[in-house]
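In the numbering used here, the protein residues as written are 3 to 374.
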């Protein structure tokens with residue numbers, strides 16, 4: 003008899019053939035021991051009885067997650083982050099195809115583990131493990147289908163576009179978590195990569211969500227570059243490509259639609275936003291702003307029918323409500339603050355002037371925090 007093979011080592015077509023034969027033999031009322039012997043004689047494969055019982059009750063299938071790739075926001079994020087910090091490996095001991103990410107930020111590793119698990123149809127997230135030798139958090143997922151897809155993407159990143167273009171914001175978030183950051187010195191958001199095709203790919207995705215950006219390239223000859231955004235060291239001769247987002251509108255749009263998962267990068271972005279997010283509230287106008295915000299919310303939340311009606315209730319001007327409603331004033335972005343929205347609802351039902359005072363206190367705190 004030839005050497006006995008492990009079922010896990012078989013190609014997928016042979017696994018399916020054995021699976022179908024087991025189901026057919028079981029339907030003929032053969033015992034599991036008899037089926038095990040038949041499979042051994044025909045295929046030189048020793049099949050565990052527990053495996054066959056799980057097949058019969060529908061708990062297992064040879065394909066497992068081989069062809070199960072759930073397209074969505076999580077897959078877009080996981081793939082894009084992998085393009086920056088990911089790697090592939092085949093574990094020949096356990097016949098597993100590994101997709102891994104090694105990063106220094108736990109919050110990044112945790113989010114990637116959650117996203118790739120959901121993309122692969124797994125109920126529980128993959129958990130980050132601390133790699134003490136390399137001083138990084140490592141997350142490993144398993145899927146031959148995704149493994150093959152990402153291996154081909156190394157040759158041509160654009161084959162990933164069908165998985166990314168429907169969720170450009172999530173894709174960009176994954177990539178900028180891996181390769182980007184907010185530069186507080188130059189007031190811009192920058193991502194770095196050695197592959198110009200990857201940079202072009204994410205430029206096109208940013209443009210889909212109306213974020214303008216530019217590509218820069220720098221030549222280095224046997225030198226090291228430490229990214230001021232990510233802290234990564236690029237030690238290689240050749241070109242490094244930068245994807246840069248600058249300008250008030252583009253940075254505000256990035257913060258609103260994309261953002262960062264990583265806390266330290268969110269803090270850096272917040273420092274840049276402080277430059278743009280001044281509310282311009284004058285202390286002597288806190289009462290008027292509070293009334294106008296509540297009145298605008300009454301209309302926005304469909305608690306009253308017209309701006310004129312809301313203006314009468316709050317003793318303010320319809321023109322101010324209109325400017326807030328159409329976001330023509332910087333302070334109008336406070337309308338959707340959960341606290342102010344909830345207080346607006348409470349005012350509608352109670353008509354209590356103490357609620358106006360509470361909104362005024364929130365505005366006072368914002369003035370003190372951001373300097374007005």
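Every residue gets a Cβ at the ideal spot worked out from N, C-alpha and C, and that includes glycine. In this text, all values refer to a predicted model and were calculated from it rather than measured experimentally.
Out of 44, 180, 343 and 341, the CA that lies nearest to the CA of residue 262 is found in 180.
Contiguous alpha helix (DSSP H) elements confined to the segment 116-168 occur at 146-155 and 163-166, taking only those with 4 or more residues. For residue 64 and residue 21, the gap between their C-alpha atoms comes out near 7 Å. Beta-bridge pairing by DSSP links residue 221 to 241.
Excluding the 5 residues flanking it on each side, residue 83 has same chain C-beta neighbours closer than 6 Å at 114, 176, 179 and 180, in chain order.
Looking only at 58, 367, 8 and 242, the smallest Cα-Cα distance to residue 31 is reached by 58. Taking C-alpha positions only, residue 315 is separated from residue 321 by approximately 14 Å. In this structure, the alpha-carbon of residue 328 lies about 42 Å from that of residue 123. The bridge partners DSSP lists for residue 216 are 246. According to DSSP, residue pairing for residue 181 in a beta bridge does not occur. For the segment 43-104, the continuous beta strand (DSSP E) assignments of 3+ residues that do not extend past its boundaries occur at 88-93, in sequence order.
DSSP, reduced to helix, strand and coil, places residue 7 within a strand of the structure shown. Per DSSP, residue 306 is not a residue of any beta strand (DSSP E), being assigned neither H nor E.
Sequence-distant partners of residue 189 (beyond 5 residues in either direction) whose C-beta falls short of 6 Å from its own C-beta, in its chain, are 274. When the alpha-carbon of residue 23 is set against those of 40, 13, 9 and 119, the nearest one is in 40. Nearest C-alpha to residue 110 among 140, 120 and 185: 140.
Rounded to whole angstroms, residue 18 and residue 254 show a C-alpha spacing of 52 Å. Nearest in C-alpha terms to residue 300, of all of 318, 288 and 259, is 318. In terms of Cα proximity to residue 100, the closest of 118, 307 and 323 is 118. Taken through DSSP and simplified to helix, strand or coil, residue 260 comes out as coil.
Nearest neighbour of residue 80 by Cα position, chosen from 169, 94 and 309, turns out to be 169. The residue among 265, 9 and 303 with its C-alpha nearest the C-alpha of residue 53 is 9. Here residue 217 is near residue 244, since their CB atoms are less than 8 Å apart.
Residue 191 is bridged by DSSP to 184 and 247. Here residue 130 is buried: its Cβ has 16 or more other Cβ atoms, across all protein chains shown, within 10 Å. By a beta-carbon distance limit of 8 Å, residue 213 contacts residue 247. Their separation comes to about 6 Å. In the DSSP annotation of this structure, residue 339 is not part of any alpha helix (DSSP H), being labelled neither H nor E. The beta carbon of residue 308 sits closer than 8 Å to those of 301, all from its chain and outside the five residues before and after it, given in chain order. Secondary structure of residue 107 (DSSP, three-state): coil. CA-to-CA, the gap between residue 26 and residue 97 works out to about 27 Å.
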